[in-house]
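Engineer: Counting from 79, one number per residue, gives the positions in the sequence shown under my numbering. All C-beta atoms in this analysis are idealised placements derived from N, C-alpha and C, irrespective of residue type, glycine included.
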Amino acid sequence: MRVLGISTSPRLEGNSDLLLRRALGGAESAGTRVEYVRLGDFKIAPCIECNACYTTGVCTVKDDYQGLLQRMLDADRLIFATPVFFMSVCAQAKTLIDRGQCLWAHKYILKRPPIAGRADRRAMVIAAGGSKGTKQFESIRLTMKVYFDALDVCYAANLFVNQVDEAGEIEKHASAMNEAFRLGDELACSDSDPPKKPVTVELF
Ligand SMILES: Cc1cc2nc3c(=O)[nH]c(=O)nc-3n(C[C@H](O)[C@H](O)[C@H](O)COP(=O)(O)O)c2cc1C
Numbered sequence: 079m080r081v082l083g084i085s086t087s088p089r090l091e092g093n094s095d096l097l098l099r100r101a102l103g104g105a106e107s108a109g110t111r112v113e114y115v116r117l118g119d120f121k122i123a124p125c126i127e128c129n130a131c132y133t134t135g136v137c138t139v140k141d142d143y144q145g146l147l148q149r150m151l152d153a154d155r156l157i158f159a160t161p162v163f164f165m166s167v168c169a170q171a172k173t174l175i176d177r178g179q180c181l182w183a184h185k186y187i188l189k190r191p192p193i194a195g196r197a198d199r200r201a202m203v204i205a206a207g208g209s210k211g212t213k214q215f216e217s218i219r220l221t222m223k224v225y226f227d228a229l230d231v232c233y234a235a236n237l238f239v240n241q242v243d244e245a246g247e248i249e250k251h252a253s254a255m256n257e258a259f260r261l262g263d264e265l266a267c268s269d270s271d272p273p274k275k276p277v278t279v280e281l282f
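See the structure below:
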């Protein structure tokens, strides 16, 4: 069992990043091998909409994307962490997601078999936002649903935390840190059937 955590925030040790590290701690406590990557350490350019992947299934833009994608495909569990930026994922996360168009083409245009070659892959989203709004995470939910479908990974869980703004403020939010650990542990050791829709924990 391999768990890969992707921290997409531009802010090192920001709130979503700290929640991700905690969730990985939970996964590690379940005896799994965990890996943490910071998206900012990778050079990933935006999709150029050349549509070459519609005939090849492969992205023509050559950068760090291919290497990161392989690591994502090799993982049994993914934890994707993002801040809320203008009611959605941050630009860094969206750039990675848009490059997933080759995955969508692989699956829906070329109708090729699942790209990962591993069964029962599951993913969790962690998102932190500064304000308190009831629709804060709706766009993130939709974007991640479509992205995980293209990646052929089951969308298993969400941890959404409102009203954390200053970098590191989340460390004072004991219930959020505890939930991150618990959900990380659960994601890693779950041998139950994958959920039909993601289990969501939203905290204020
Ligand atoms: C460009 C930008 C846009 C933001 N938009 C929102 C927003 O729409 N809703 C919200 O609740 N917080 C918003 N925030 C606040 C961040 O979500 C908040 O500070 C969060 O804790 C950042 O997470 P991080 O530390 O993981 O980067 C925004 C912050 C920035 C810099």
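Comparing the CB of A206 with every heavy atom of ligand 1, is any distance shorter than 6 Å?
Structural biologist: Along the sequence shown, read from residue 1 onward, the residue named residue 206 stands at position 128. Yes, ligand 1 has a heavy atom inside 6 Å of this Cβ.
Engineer: Based on the DSSP secondary-structure assignment, which residues constitute the bridge partners of V139?
Structural biologist: Here residue 139 corresponds to residue number 61 of the sequence shown, with the count starting at 1. Partner(s): none; V139 has no beta bridge.
Engineer: In whole angstroms, what is the alpha-carbon distance linking L38 and G211?
Structural biologist: The shown model of the chain, from 79 to 282, leaves out residue 38, and the question about it has no answer.
Engineer: Contact between the stretch 195 to 205 and the stretch 230 to 244 is defined here as three or more beta-carbon pairs at a separation below 8 Å; is this criterion met?
Structural biologist: The stretch 195 to 205 vs the stretch 230 to 244: in contact.
Engineer: Which stretch, first to last residue, makes up the beta strand (DSSP E) that contains F238?
Structural biologist: What you label residue 238 is simply residue 160 of the sequence shown in a count that begins at 1. 232 to 239 is the span of the beta strand (DSSP E), which, as asked, contains F238.
Engineer: Quick one: give me the first and last residue of the alpha helix (DSSP H) that R126 is part of.
Structural biologist: Within the sequence shown, residue 126 is the residue found at index 48, counting from 1. Per the sequence shown, residue 126 should be read as Ile rather than Arg. Neither: I126 is in no alpha helix (DSSP H) and is coded neither H nor E.
Engineer: Identify which residue in R177, A205, N256, Q241 has its Cα closest to the Cα of V167.
Structural biologist: As a working mapping, residue 167 is identified with position 89 in the sequence shown. The residue with the shortest Cα to Cα distance from V167 is A205.
Engineer: I'd like to confirm the pairing. Which residues does DSSP put opposite R155 in its beta bridges?
Structural biologist: Your numbering for residue 155 matches position 77 in the sequence shown. Note: R155 sits in a beta bridge opposite V81, R200.
Engineer: Alpha helix (DSSP H) containing L188: first to last residue?
Structural biologist: Taking the sequence shown and counting its residues from 1, the one referred to as residue 188 is at position 110. Run containing L188: none; DSSP gives neither H nor E here.
Engineer: Do three or more CB pairs link the stretch 125 to 133 to the stretch 79 to 95 at distances below 8 Å?
Structural biologist: The stretch 125 to 133 is not in contact with the stretch 79 to 95.
Engineer: Is S85 near ligand 1, going by C-beta to nearest heavy atom under 6 Å?
Structural biologist: The sequence position of residue 85 within the sequence shown is 7, counting from 1. Flag unset: Cβ of S85 not near ligand 1.
Engineer: For I187 and L151, which I take to be in contact (beta-carbon distance under 8 Å), what is that distance rounded to the nearest angstrom?
Structural biologist: Along the sequence shown, one-based indexing puts residue 187 at 109. Along the sequence shown, one-based indexing puts residue 151 at 73. That belief does not hold up - the Cβ atoms of I187 and L151 are roughly 19 Å apart, past 8 Å.
Engineer: Could you name the residues that DSSP lists as bridge partners for A254?
Structural biologist: Here residue 254 is taken as the residue at index 176 of the sequence shown, counted from 1. Answer is none; A254 lacks a bridge partner.
Engineer: When every heavy atom of ligand 1 is checked, does at least one fall within less than 6 Å of the C-beta of G104?
Structural biologist: Within the sequence shown, the letter at position 26 stands for residue 104. G104 Cβ: outside cutoff for every heavy atom of ligand 1.
Engineer: Going by CA-CA distance only, name the one from L98, G208, Q179 that's closest to R260.
Structural biologist: For the purposes of this step, residue 260 is identified with residue 182 of the sequence shown, where counting begins at 1. Among L98, G208, Q179, the Cα nearest to that of R260 belongs to L98.
Engineer: If A235 and P272 are in contact, beta carbons under 8 Å, what's the gap, nearest whole angstrom?
Structural biologist: Taking the sequence shown and counting its residues from 1, one reaches residue 235 at position 157. Taking the sequence shown and counting its residues from 1, one reaches residue 272 at position 194. Actually they do not touch by this definition, with Cβ atoms about 11 Å apart.
Engineer: Evaluate D243 with the Cβ neighbour count: other Cβ atoms within 10 Å of its Cβ, from every protein chain shown; 16 or more gives buried, anything less gives exposed.
Structural biologist: Taking the first residue of the sequence shown as 1, we reach residue 243 at position 165. Exposed.
Engineer: Are there three or more Cβ pairs, one per stretch, closer than 8 Å when the stretch 157 to 164 is compared with the stretch 215 to 228?
Structural biologist: With a cut-off of 8 Å, the stretch 215 to 228 and the stretch 157 to 164 count as touching, because enough Cβ pairs lie within range.
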